[in-house]
Structure formats: C-alpha cells, structure tokens
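S.K.: Right, I'll just put the structure down here and ask away after.
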Amino acid sequence: MKRSDLEKLGDNMLKNTKNRRQFLVGMGGCLVAIPFLPSMLSRKALAQIQNDPVNRLITFLTPHFTIAENFHPQNLNLSHIPHSYYDISEAMFKNISGPFSKSLNESIFHQLREKILIIDGVHYPVRVGNDNHPKSFALGASGSDNGIQETSLDAQLMKSNLFYPSGYTGRKFTGIEISPYESTTKNNMSYIWTGSQVEKLSQFRDPKAIFNYLFGGVTNKSVVVNQQTVDLELSNKKLLVDNILDSYKSVKSHKRIGTEDKRKLDQHVQSLFEIQTKIQSKIDNNSNQAPQTISCQPPNEPQSNISVNEKIDIVVDMLALAIGCDLTRVASVYFNCGINEGYGEFHSKVHPSVEDRKNKAQTDARGDFLMGLMVDFDRYFAKYAGKLLQKLDSMQDPLNEGSLLDNSLFYWTSMHGHNDVYQIWDDSHDGERLRTFIAGGAGGKIQTGKYINYGHTFQNQVLVTMAKALGHPVGTKGIGDYGETAEKYKLKNYDKFTSIVANKSTPLPRILKP
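Okay, so the sequence shown: first residue is 2 according to our numbering, each after it adds one.
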C-alpha cells in the first residue's frame, strides 16, 4: 500500500475526529471494518480526539421477575443516608468476600465489584398488563395503546449527535433479539414515537446478519476480473478475512503503523476469523453438506439453526469486538420471554394453580422450588453478562484512560421486578424492586462499587441518571411517562412518590460524580 493510500484512511478520520470506522478493501468491493488505529493520525488530531471521549451504552433486558435476596449481595454493612425525599441506605462492595451473590456467582462479578452499581427500590411507574407484559418499560417506552408514548432511550441516543455525529460511518445499531419469534410493538423494547404513531426499531435476530452488518459488506454486486464480469458468488466460499488479506498485509507492514496498532489489527482480524468460523460451524453442525463460509453479502433472509446458548455466546463476542473497535456505540440485547431453551420452561411453574393458592403448605413448597429455580435462571443470564463485562474490561480504550468498561455504561434490567415466591397470591407481573444492575463508569461519571436502596423511586429516574452520565440532554418531562392513575398503579403511596419526582429531569442522588 502506498503512503498516499494509507494517508487517505487517516484523512477520512480527520474530516470528523469522531469518525473512526475504516475498512480494508478486497476483491469484489468486499469491505471489512477495522479498529481505530491512532498511529494513522497526527499528534494534533489525536489530542483533539482524546479530549472528546466516546460514549457507549449496552443494555441487557432479560425476561420475567427476579428474587431480590438472591440477586443482591447479602450481609452488607448498610449505612442510612439522610435525604429530604428518599429513604436511602447504602453499602460498599469493597469488602465483600466470596461469591458476589447467590445469583451472580461468577468470579468476574467479584473481580469487578468496584465497577458495579446495584440500585434497589426501583419500580415501574405504571401497571404492566398481562396482555402485553413482555413489553419493556426498561428503556422508557411502551407499545401499548395507553402506555408510555416516549421514544426509548436507546433510540434517543441513536439519533444523538453526541453518540453518532455527522460523518460517523459506523453502524447505528439498534439491537439484537434473542427469541424464537419476532417481537411486535407490544413486546419490543426499542421505539420511536412520532405524534400518536409508534415505530418499532428493527432488531437483528440472526448472527450472520449481525456479523455482516457490523464487520463487512460489499460495494458492488459483481467485479471485473481479467476483463470478465465475475459474480460475487465466486467469493462466497472464502472467509471475509481472506477477501481482504492483501489489504490487511499492506496496512500492517506500513512503517507509519505503530507496534501497538499492528497488535490491535492482528487481534481484530483473528477475532473476526474466530467469530465467523464459529458462526458457520454452528450453522453447519447438523448439515450433511460441506461447510459453506458466509458471504460478504448479507443474506436476504436470516438463516440459522444454532441453539439459543450458542447464539448468545456469539452475540457477546461480536458486541465486545464492535464496541471495542468503535463500530457501534449503542447496543440493546432483548431476551424475549418466549425462549425456553437453555434454562428450561418455567412460566407455568411460576404461576400457582387455583388449588395451590388455597393451600399454604403447597404454596410454601412451591416457594422453595422457585427460590432455587430463579437462582439458576439468573445465573444463566449472568454467565453471558459476566463474559461481556470481562471482555470489555480486558480491552484498553484506545482514546481514553482505562478499559472499555470504564468508559462505557452497561445496564441490565428485567421485564418484571421482585417476586415474593412464598405469597399465596402470585404477583410476578409487577414492577416492584426492578432488577437494576449497572457496570462501568461512563468515563468517570458514575459512582460504582456500591449498593444503594432508595426505598421507592421510579425506573424513569434511573434512565434520567444514565442519560445525564452519558451527556445526553434530558428535557423537563424526563424520560417516559408518569401519567397512569393511582388505580392502575399497584404500589402504595403513588401520589407521594410522583410528587417526589416532580422535577422529572433530576437524576437520582449519590450516583453521578460531582
């Protein structure tokens, strides 16, 4: 590669210092996205970028309810914090010994405990109806006719110049849905509202399509080789990295590319190779045909035979690589409640029968069973959340101090809140004590390493706090809606707690750093 060719890549970055998506170009106009390489820029341009850190948000939405005493760390040394509105208690994670909690028993949670924030006492502001309870208020939006008419937080960030400035050539990645069936406007989590009309943002459901969208593509449908037009199908039997091998070698060998950037480029290409071969091997696992590597060109229809477990594992790999290479900055992963594979069908076991509700002994036995079941359920998703956090924390942010996790915000919540499994009348569709797990410092804006309980607060205020940490402006109405009547709101003291958050654009106390 000529020096002028390499400088063109750098010049493209210089046109807008927040534009860091660059490509290696191969046969047939095949493009492979590569990570940002600081050595391609001048010191002046690099300094300009370093003073303007990138914001990132990754959300996990998992189905059903949780059991607070299993999910939260126990035996904490709680301190009461005086406050004019909230009944605040707080404890630091620094001195926790052993597993982080029953549900979060992976060692990575203990290792990263000082980068984790768990918020308790968080509730939905409206009643979630049984007809569309899988829908999420978790990002401030609802698909129901009388629900929250508000663009979800991830969609707001997707349109934000702070996240995706003019000239950014990365992907405005809306999200991934892990589900056996496609969600509707009543059970999706990402929306754009225009007047009275709601638009469900598209979410990827197939790993092949995600891979091609984030990491590769084609600029032409055919290519001229030796004066003959050759269809791109000729290159379909090659891996993406094979198609751009010459370009990759040229960039890597250029004297302007520093040692660290060469290592980063090698690691990126190796990761692409591993992810793509993993996808293909899983897809072809039950096939009698010879393995077919995926095309540079995204498939017209998603095709995948891989299991839910394998799909989640691949998605985590791709997300970490995409965030690390600044190929996208907002990603939402939605685990629809319809998936039973991996952790087993338990919906019917959660709801007691009419006869069980009449018998205290049967209810107690059911409660004992559910306590163990929900630990397994939480651990299933915690394994993948922990894997993603570990990957993000192990990757040095190329433009900021600390790891990618330090300069990102990871938010894990659920469709329903805490459930008292020993109560006679089931209450599992409620949004009381919603799972609220945050990791990462958002570039030093978030106070982590602690558990904080507000007694009662609305989940909307968590979203406002997150938006403030990410530098996203919040209007006086806040995020979401508080307009449901007290009759529809199951929690007590509805009027009291709506008055507490009268200023809906105010973040929660003791989370944002001064």
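Ideal Cβ positions, reconstructed from N, Cα and C, are used throughout, including at glycine.
#1: Could you check whether T67 and S415 sit closer than 9 Å to each other, using their CB atoms as the reference points?
#2: Answer with buried or exposed for F370, where buried requires no fewer than 16 other C-beta atoms within 10 angstroms of its C-beta.
#3: Starting from the C-beta of F411, find all residues in its chain whose C-beta is less than 6 Å away, skip the five residues before and the five after it, and write them out in chain order.
#4: Look at the alpha carbon of V123 and the alpha carbon of F459, and state the distance between them as a whole number of angstroms.
#5: Output the distance between the C-alpha atoms of V309 and P515, rounded to the nearest integer angstrom.
#6: Short of 6 Å in beta carbon distance, which residues of its chain neighbour F336, apart from the five on each side in sequence? Order them along the chain.
#7: Would you mind working out which of G368, A210, E107 sits nearest Y385, comparing C-alpha positions?
#8: For N213, name the three-state secondary structure that DSSP assigns.
#9: According to the neighbour-count rule (16 or more other Cβ atoms, all chains shown, within 10 Å of its Cβ), is Q204 buried or exposed?
#10: So, F110 versus K451, is the Cβ gap smaller than 9 Å?
#11: What is the residue span of the alpha helix (DSSP H) that E70 lies within?
#12: Measuring CB to CB, does L471 end up less than 9 Å from K505?
#13: Run through the DSSP bridge pairs and tell me what M93 is partnered with.
#14: Would you give the residue range spanned by the beta strand (DSSP E) that D121 belongs to?
#15: Which residue marks the beginning of the alpha helix (DSSP H) containing Q157, and which one marks its end?
#16: Under 8 Å by Cβ, that's how I've got G325 and L215 pegged, so tell me the actual separation to the nearest angstrom.
#17: So the beta strand (DSSP E) H81 belongs to, where does it begin and stop?
#18: Taking the alpha carbon of L513 as the reference point, which residue from N401, T449, D121, L266 has its own alpha carbon closest?
#19: Just reading off the beta strand (DSSP E) that Y423 is part of, what are its end residues?
#20: Out of G456, G481, P474, N454, state which residue places its alpha-carbon closest to the alpha-carbon of Q462.
#21: Determine the extent of the beta strand (DSSP E) in which A383 is found, giving its start and end residues.
#22: Please report how far the alpha carbon of R257 lies from the alpha carbon of S395, in whole angstroms.
#23: Cα separation between N287 and I313?
#24: Looking only at C-alpha atoms, which of T466, R511, T507, H457 sits nearest to Y125?
#25: If you measure between the beta carbons of N96 and N78, is that distance less than 9 Å?
#26: By the 10 Å Cβ neighbour count, where 16 or more other Cβ atoms means buried, how is R114 classified, buried or exposed?
#27: Taking the alpha carbon of V153 as the reference point, which residue from V465, P510, P508, L509 has its own alpha carbon closest?
M.R.: Taking the definition as stated:
#1: yes
#2: exposed
#3: I59, A440, G441
#4: 5 Å
#5: 42 Å
#6: T63, P64, I179
#7: E107
#8: helix
#9: buried
#10: no
#11: 69-72
#12: no
#13: K451
#14: 117-124
#15: 154-159
#16: With 8 Å as the limit, G325 and L215 do not qualify as a contact, their Cβ atoms being about 12 Å apart.
#17: 80-82
#18: T449
#19: Premise fails: Y423 is in no beta strand (DSSP E) and is neither H nor E.
#20: G481
#21: Careful: A383 lies outside any beta strand (DSSP E), inside the alpha helix (DSSP H) at 361-395.
#22: 26 Å
#23: Note on N287: pLDDT 38, under 50, position unreliable in the model; the coordinate value appears next. Rounded to the nearest angstrom, the two C-alpha atoms are 19 Å apart.
#24: H457
#25: yes
#26: buried
#27: A small correction: the amino acid at residue 153 is Ser; Val does not occupy that position in the sequence shown. That would be V465, whose Cα lies nearest to the Cα of S153.
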